[in-house]
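Asks: For the record, the sequence lines run as chains A and B. When the letters of the first sequence are read in order and numbered with my numbering, they come out as residues 38 to 399. When the letters of the second sequence are read in order and numbered with my numbering, they come out as residues 46 to 339. Where is the CB? At the ideal position from N, CA and C, for every residue including glycine. Take this structure, written in structure tokens, and hold onto it; I'll ask about it next.
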Amino acid sequence: MGDYILELEGIEKSFGEVKVLNGLSLSVRQGEFITLLGPSGCGKTTTLRIIAGLEKPDKGKVYLEGKDVTYEEPNRRNVNTVFQNYALFPHMTVEGNISYSLRLKRLDRAKIKKAVSEALELVQLVGFEKRMPGELSGGQRQRVAIARAIVNEPKVLLLDEPLGALDLQLRRQMQLELKRLQKQLGITFVYITHDQEEALNMSDRIAVMRDGKFEQIGTPQEVYDHPKTSYVARFVGSANIICGTVSHVNEHTVVFENKNGTGIVARNNASILQGQNITVAVRSEHIKLTPVAEAKMNLGFKGIVREKSFAGGLLQIIVNLSDGQELVASRHGIDSPLVPGDNVVVTWASENSIMVDLEGVP
Amino acid sequence: MIKKFFKCVRSLNLNCVSLLAILPLFAFTVMFVIGPLIYMLVLSFLQRGEVWGVVNRFTFKNYIDILEPVYLKTFIESFKLALTTTTIIVLVGYPFGYFMAKLDAKWKKRMMLLIFVPFWTSSLIRLYGWIIIFRANGLLDRVLMALNITDAPLKLLYTYPAVVVGMVYVLLPFMILAVYSSAEKLDWSLVEAARDLGANSLQAFMTITLKLTLPGLLSGVVLTFIPSMGLFFIADILGGNKVVLVGNLIQEQLMKAHNWPFAAALSVILMILTSLMIYIYRRISNVRELEGLI
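Next comes the structure, spelled out in structure tokens:
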């Protein structure tokens, strides 16, 4: 089965009437850090549980190192999981938790002791051997959960939103540490998150999930810069989505219009024709706002500034277009001369925009 | 007292208010638990009257009498029966409580109802039902003979097995509820984590599930073992006079022989034995309170 360490092939899974996974296929290379990104309820965790063997798919196959393990018990797969709630054994010490898998293998004591202290060193928890999980902070528990999962040297490590319960600062720090750990160990990571920043920051590849399907699989760069669908553009890049009809097709750009005005978009598809309906994604940082009085070109959408807010180091300006559609523009800095009620023209450079949802368009 | 109460409420001192709130319970405990216990302890060191009642003369005779083989044997028999009963209850009740905790909410409610329905009737009356089942040519015999499993009536009534069945029947719900409440709290993702880390289902059960539901199991043991030493009416109804337990002995000494000091001494010894059980339980389980029911 080639050089893929993990392969999913047409996985389907329903719980009662609800179809959770709808034909998932994915190939993961040895040593890759792949992230399943999607909102809660899109089937990320179920996918992970199927890889771990905690759930059996209704249809489809799971291959591990080329071997079909679809119906193999979880204890017979060389895959370990870092659970979302950590699932540390409350009646065992940190050492007991980490050594659990090794004790099951009946390794001799000296070996276990050595492996445990190495794992603790990796997650920087030396000296915590005798603590009980209840005596640890959230971040420390997280590290124990990771140590417990890697001590067994799995082929693939599955991580289910491992940083979800941590505060922002700790989360950033742990992101770097996990990435370092993954490089150091060379283990393949399948990582789940709903946080696009985390996914972009850590992954070699991102698989964006929606309603039990992969919407797009690619490197962070691909997914961020060349989203294939408006869903991916919105979820990964928080992009503004504008629809319109093509009025001119040039060599490198496409001009389109709708009720609110005229826009331009880079031509990333050869077969675009005049009169075709297209969907365009523009990220908020690329949206330019010009007061109506200063606007010169006939390109742009008219709108009114509705609100300004400051969040996450960015100033966000919300503009209502004349038909009510809302666009978000973001700026560095904490204020802008624009105030709510100002009439503005919304424009962007063609190279900062992209046509999405092209597949369904004839 | 009343003045103090109002002062207390006005001051909104929570300690003070809660102290007052537990006062009735405290008074009840002193009057109906601690008082009688002290009375029993004192009684056990007194002599029985010639014809009736008690003479206020200090003696160890009651305790020395217990050492007589016939009484010692009763203690040992009781212990054996309690052990048999408890073993059966563990074997039946643990899986029952465990699987009940795994049911979905709707079925949990239904099972709970089924367990509680018998409590609406006195266990004494329910035991009479067992007489109908067990007696010679009773329901059990007839069914067994109709199915050609036995040729002659088994005459199970007034035998040791009948008493064991009765004990199991009366005490089983306590074990089920104790195990259930403990298994209900169990985080099943821990079992999945164990499986993920390489444990087969038996290993995961032994190292995780059993360990974490042990407090429930142990409190179930305490809740069934201790009563089964003293439930005299079960031995009476289903065992006739063939099975004599400590409970029966105490009841006999109290109600028939009117030897109150001796009955008191027997009770004190029984209490010491059961307290010992609870002590051992606490040492093993490291839990302050009996899980579940107490």
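#1: Select from 204(A), 159(A), 234(A) and 75(A) the residue whose C-alpha is nearest the C-alpha of residue 218(A).
#2: Quick one: Cα of residue 442(A) to Cα of residue 386(A), how far?
#3: Looking only at its chain, what residues have a beta carbon closer than 7 Å to the beta carbon of residue 336(B), apart from the 5 residues adjacent to it on each side?
#4: How far does the beta strand (DSSP E) with residue 368(A) in it extend, from its first residue to its last?
#5: How should residue 390(A) be labelled, buried or exposed, when 16 other C-beta atoms within 10 angstroms of its C-beta is the threshold for buried?
#6: Taking only heavy atoms of the ligand MN into account, decide whether any of them is closer than 7 Å to the Cβ of residue 260(B).
#7: Taking any Cβ of chain B, which residues in the segment 96-123 of chain A have a Cβ under 8 Å from it, in chain order?
#8: Could you have a look at residue 328(A) and say whether DSSP puts it in helix, strand or coil?
#9: For the segment 241-267 of chain B, list every residue whose C-beta sits within 7 Å of some C-beta in chain A, in sequence order.
#10: If we count Cβ pairs, one from each stretch, closer than 8 Å, do we get three or more for the segment 129-141 of chain A versus the segment 184-203 of chain A?
#11: Counting only Cβ-Cβ distances shorter than 8 Å, please list the residues of the segment 229-240 of chain B near chain A, keeping chain order.
#12: At a cut of 8 Å, does the segment 69-79 of chain A reach the segment 225-235 of chain A through at least three beta carbon pairs?
#13: What residues from chain B crowd round residue 142(A), counting only those whose CB sits closer than 9 Å?
#14: Residue 137(A) versus chain B: which residues are under 9 Å apart at the beta carbon?
#15: Where residue 200(A) and residue 60(B) are concerned, what is the direct C-alpha to C-alpha distance, given to the nearest angstrom?
#16: Return the CA-CA distance between residue 79(A) and residue 56(A), expressed in angstroms with no decimal places.
#17: What does the alpha-carbon distance come out to for the pair residue 285(B) and residue 93(A)?
#18: Over what stretch of residues does the alpha helix (DSSP H) that includes residue 470(A) continue unbroken?
#19: Measuring straight from C-alpha to C-alpha, what distance separates residue 178(B) and residue 182(A)?
#20: Quick one: complete beta strand (DSSP E) runs, 3+ long, within the segment 69-153 of chain B?
#21: Using the beta-carbon count (16 or more within 10 Å), is residue 108(A) buried or exposed?
#22: With the cut-off set at 8 Å, would you say residue 260(A) and residue 42(A) are in Cβ contact?
#23: Output the residue ranges of the alpha helix (DSSP H) runs that lie fully inside the segment 87-156 of chain A and measure 4 residues or longer, sorted by chain position.
#24: Give the C-beta separation of residue 253(A) and residue 245(A) to the nearest angstrom, bearing in mind that I take them to be a contact with Cβ-Cβ under 8 Å.
#25: Taking 8 Å as the threshold (beta carbon to beta carbon), is residue 338(A) in contact with chain B?
#26: Kindly indicate which residue of 374(A), 298(A), 112(A) and 211(A) has the alpha-carbon position closest to the one of residue 236(B).
#27: By the three-class DSSP mapping on this structure, what secondary structure does residue 214(B) have?
#28: Reducing DSSP to helix, strand and coil, say where residue 165(A) ends up.
#29: Between 75(A), 393(A), 91(A) and 204(A), which has its C-alpha nearest residue 264(A)'s C-alpha?
#30: Could one say the Cβ of residue 146(A) lies closer than 8 Å to chain B's Cβ atoms, at least one of them?
#31: Of all the CB atoms in chain B, is at least one closer than 8 Å to the CB of residue 159(A)?
#32: My output table needs one value for residue 176(A): the three-state DSSP class, helix, strand or coil.
#33: Strictly below 9 Å CB to CB, what residues from chain B border residue 185(A)?
#34: Quick check on residue 202(A): does DSSP put it in helix, strand or coil?
#35: Is residue 173(B) buried or exposed, if buried means 16 or more other CB atoms sit within 10 Å of its CB?
#36: Since residue 44(A) sits in a beta bridge, which residues does DSSP pair it with?
Replies: With the structure as the only source:
#1: 159(A)
#2: Because chain A here runs from 38 to 399, residue 442(A) falls outside it and cannot be looked at.
#3: Caution is warranted here: a pLDDT of 42 is assigned to residue 336(B), below 50, making its placement in the model unreliable, and no coordinate value can be reported.
#4: 363-369
#5: buried
#6: In terms of ligand content, the structure shown is empty, and the ligand MN therefore cannot be addressed.
#7: 110, 111, 112, 116, 117, 118, 120 and 122
#8: strand
#9: 241, 242, 243, 244, 245, 248, 253, 256 and 257
#10: yes
#11: 232, 234, 235, 237, 238, 239 and 240
#12: For the pair of segments examined, the segment 69-79 of chain A was found to touch the segment 225-235 of chain A: the number of CB pairs separated by less than 8 Å reaches three.
#13: In chain order: 243.
#14: In chain order: 238, 239, 242, 243, 244 and 252.
#15: Those two C-alpha atoms are separated by around 42 Å.
#16: 10 Å
#17: Residue 285(B) and residue 93(A) have their C-alpha atoms some 57 Å from each other.
#18: The requested residue 470(A) does not occur in the structure, where chain A is confined to residues 38 to 399.
#19: 56 Å
#20: none
#21: exposed
#22: No, Cβ-Cβ distance for residue 260(A) and residue 42(A) is not below 8 Å.
#23: 131-141
#24: 5 Å
#25: No, residue 338(A) lies away from the interface with chain B (no Cβ there is under 8 Å from its Cβ).
#26: Closest by alpha carbon: 112(A).
#27: helix
#28: coil
#29: 393(A)
#30: Residue 146(A) has a beta carbon lying at 8 Å or more from every beta carbon in chain B.
#31: Not closer than 8 Å to any Cβ of chain B, the Cβ of residue 159(A) fails to qualify, so no.
#32: helix
#33: 238 and 242
#34: Correct three-state label for residue 202(A): coil.
#35: Burial call: exposed.
#36: 64(A) and 100(A)
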